[in-house]
Amino acid sequence: MTACAIEGGSAGAAATAEPEPERGTEPDPEPGPGPETRPVAEPGPRPGAEPVATDRPGPRTGPEPRPGPGPDLSAPVRTGPGPVPATAPEEDPAPRSRVAAPPPPAGITLTADGAYAARLTAAPGPPGERSWYPERWTLDGPEPYAVPLPLDQPEEPDSEVAPLADGRVLIRRRVADRQMFSLLYPTGPGTGELLLGTVEHPEMTLLPPSPDGRCVYALAAGERGSSLWLVAGGARGPEEVARVAGHCSGGTWLDREGRMLALDRREPGGGPVKAVAVDLGRWGEVTPLLQIAPESDDRLLLADADSGLLLIRSDAPGHDRLGWGVLGSCLPVRFPECLRLPEAVATPFAVQPGQMLMPESCAVALRIDGARGSWVGVWRPTGRRLHQFAAPLGWLPGAGCWSREGVLRLPYANAATSCGVAMLEAPEDVEPSCVTGRTEDGDDGTEPSAALAAPVVCKPVPLGQAPLHGAVRPD
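Using our numbering, read the sequence shown as starting at 2 and increasing by one per residue.
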């Protein structure tokens with residue numbers, strides 16, 4: 002893993018690595034504040050570590066365009082299959098509808114291939130008296146449809162569900178200080194249940210379904226130690242498969258086989274949070290995965306096994322920023338300016354698959370949360386701009402998956418449609434003009450308008466000589 006500063010750029014520096022003990026470096030300088038930034042002094046970047054080298058090539062980028070205003074959530078959105086329209090930022094982004102919106106929908110979990118989804122939902126009724134039950138969505142057919150999976154008694158609202166590739170749904174229930182796990186499946190007019198077993202632990206969290214579609218893991222986190230349990234897909238019911246020192250959170254799969262799992266760990270004695278890799282094929286062997294600066298919190302949010310693209314959140318630049326890197330790359334983690342929204346928070350939730358060894362070309366879907374709701378962002382590392390779109394009414398925020406062809410599928414449920422999927426085709430990025438340094442599509446208000454510097458060669462320099470100030474964005 003190599004970490005180096007980039008001379009004259011706005012990206013942050015740090016490197017990602019194949020799961021083995023390595024170190025990273027500090028981020029590059031931020032450009033000077035633009036007109037839209039608030040005049041608040043921000044802390045400087047954290048001190049970095051020594052550079053180390055790797056060999057995966059990656060893109061070199063110049064300064065990033067600044068973000069524009071949030072999208073218009075009142076723009077018309079087609080229900081059912083069809084594109085999600087772009088927004089017009091000059092209008093008020095507060096949603097308006099002639100139909101009263103239902104209560105905010107609960108979250109939903111998708112299988113790795115996006116064929117099935119599961120969520121805990123509630124039957125209509127007054128607040129505090131609603132009956133919760135699991136629901137499975139089938140998304141890979143010509144029309145999406147939902148199958149309710151209720152049992153004789155309603156579920157508690159803190160239960161968790163996760164779909165499997167065979168159509169069954171795992172449910173975790175808390176009973177006193179125990180966790181009970183079962184598989185649910187439709188049986189004609191009723192619901193079948195297969196009891197898997199219990200784990201004696203007061204708190205557990207389901208991790209995203211394994212990429213193999215067969216296994217589901219749960220994390221039992223403690224202050225000084227965390228344990229990883231295989232709760233579905235094993236031969237003998239729930240079984241502990243790994244123990245990790247320190248408090249762990251997160252959970253991101255790094256491969257297609259469901260062997261390498263990334264967790265965000267804080268050491269037992271305290272200190273910063275660092276992403277580590279847990280090798281389930283070697284009895285839970287733990288190795289460092291990401292270190293940007295010695296004292297920074299470096300969390301892995303999302304990973305794509307085909308391209309190696311990693312989406313990272315770190316405070317190495319002095320405050321929390323969203324960045325990207327490549328597994329095993331010699332290039333530093335970059336913190337694009339276009340992903341820094343002054344009045345909102347962007348969180349990635351899906352990466353376009355099938356882009357073998359081309360991480361910079363992957364389309365990334367982001368959930369953008371602001372004071373007026375949630376909407377959808379689409380971004381590519383090479384594009385260096387964030388496209389923003391209104392979300393379908395009743396979108397299950399943070400849920401969706403990409404096809405290999407670059408079509409984003411967004412599940413939603415509202416008063417008119419109990420199970421729907423909206424389609425959004427990834428927009429093309431317009432390259433900056435080599436003469437003017439500006440994009441050629443004009444300032445139509447739908448995208449951030451900012452000058453782009455002409456392409457420059459990013460020259461790695463020793464860390465001690467890395468410029469920490471002075472990278473100025475042209476007007």
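Every residue, glycine too, gets a C-beta built ideally from N, C-alpha and C.
Model, not experiment: these values are computed from the prediction.
9 Å Cβ cutoff met for T139 and A166 | Taking the sequence shown and counting its residues from 1, one reaches residue 139 at position 138. Taking the sequence shown and counting its residues from 1, one reaches residue 166 at position 165. Going by C-beta atoms, T139 is not nearer than 9 Å to A166.
Where do the N-terminal and C-terminal ends of the beta strand (DSSP E) with P164 fall, by residue?
-> For the purposes of this step, residue 164 is taken as the residue at position 163 of the sequence shown. Where P164 is concerned, the enclosing beta strand (DSSP E) stretches over E161 to P164.
Roughly how many angstroms separate the alpha carbons of R300 and G191, rounded to a whole number?
-> Here residue 300 refers to the residue found at position 299 when the sequence shown is read from its first residue. Here residue 191 refers to the residue found at position 190 when the sequence shown is read from its first residue. For R300 and G191, the distance between alpha carbons rounds to 42 Å.
Buried or exposed: which applies to D265, given that a residue is buried once 16 or more other Cβ atoms fall within 10 Å of its Cβ?
-> Translated into positions along the sequence shown, residue 265 becomes position 264. Buried, because 16 or more other Cβ atoms sit within 10 Å of the Cβ of D265.
Nearest residue (CA-CA) to L195, options M205, L184 and E204 = As a working note, residue 195 is residue 194 in the sequence shown. Ranking M205, L184 and E204 by Cα distance to L195 puts L184 first.
Could you work out which residue in W376, W325, E286 and V377 is closest to T383 when comparing CA atoms only?
-> Position 382 of the sequence shown, counted from the first residue, corresponds to residue 383. Residue W325 is the option with its Cα nearest to T383.
Measuring CA to CA, which of L310, T199, A243 and V232 is closest to R335?
-> On the sequence shown, residue 335 is found 334 positions in, with the first residue counted as 1. Among L310, T199, A243 and V232, the Cα nearest to that of R335 is on L310.
For M359, I'd like the list of residues in its chain whose CB is within less than 7 Å of its CB, leaving aside the five on either flank, ordered along the chain.
-> By 1-based counting over the sequence shown, the position of residue 359 is 358. S308.
In its own chain, which residues sit with a C-beta less than 6 Å from the C-beta of P143, not counting the 5 before and 5 after it?
-> Counting from one through the sequence shown, the residue named residue 143 turns up at place 142. Closer than 6 Å at Cβ, skipping near neighbours: no residue.
Delimiting residues of the beta strand (DSSP E) encompassing R300 | Your numbering for residue 300 matches position 299 in the sequence shown. Taken as a continuous stretch (DSSP letters only), the beta strand (DSSP E) holding R300 covers D299 to A304.
Rounded to a whole number of angstroms, what is the C-alpha to C-alpha distance between M205 and V431?
-> On the sequence shown, position 204 is the one that residue 205 refers to. On the sequence shown, position 430 is the one that residue 431 refers to. Rounded to the nearest angstrom, the two C-alpha atoms are 45 Å apart.
Where S227 and E161 are concerned, what is the direct C-alpha to C-alpha distance, given to the nearest angstrom?
-> Here residue 227 is taken as the residue at index 226 of the sequence shown, counted from 1. Here residue 161 is taken as the residue at index 160 of the sequence shown, counted from 1. Computed Cα separation, rounded: 19 Å.
V277 and L229 closer than 9 Å at C-beta | As a first step, residue 277 must be located in the sequence shown, where it is residue number 276. As a first step, residue 229 must be located in the sequence shown, where it is residue number 228. Their beta carbons are not under 9 Å apart, which means V277 does not touch L229 by this criterion.
Chain B within 9 Å of R341, Cβ atoms only = The question asks about chain B, but that chain is absent: this structure has only one protein chain.
For C249, the first and last residue of its enclosing beta strand (DSSP E) = Here residue 249 corresponds to residue number 248 of the sequence shown, with the count starting at 1. H248 to W254 is the span of the beta strand (DSSP E), which, as asked, contains C249.
Hey, out of A345, E130 and E157, whose CA is closest to R120's CA?
-> Here residue 120 corresponds to residue number 119 of the sequence shown, with the count starting at 1. R120 has its Cα closest to that of E157, out of A345, E130 and E157.
Would a C-beta distance cut-off of 9 Å place L523 and G371 closer than the cut-off?
-> Since the displayed the chain opens at 2 and closes at 476, residue 523 lies outside it and no answer follows.
For R283, name the three-state secondary structure that DSSP assigns.
-> Here residue 283 corresponds to residue number 282 of the sequence shown, with the count starting at 1. Three-state result, R283: helix.
Host beta strand (DSSP E) of R314 (start-end) = As a working mapping, residue 314 is identified with position 313 in the sequence shown. Unbroken beta strand (DSSP E) run through R314: L310 to S315.
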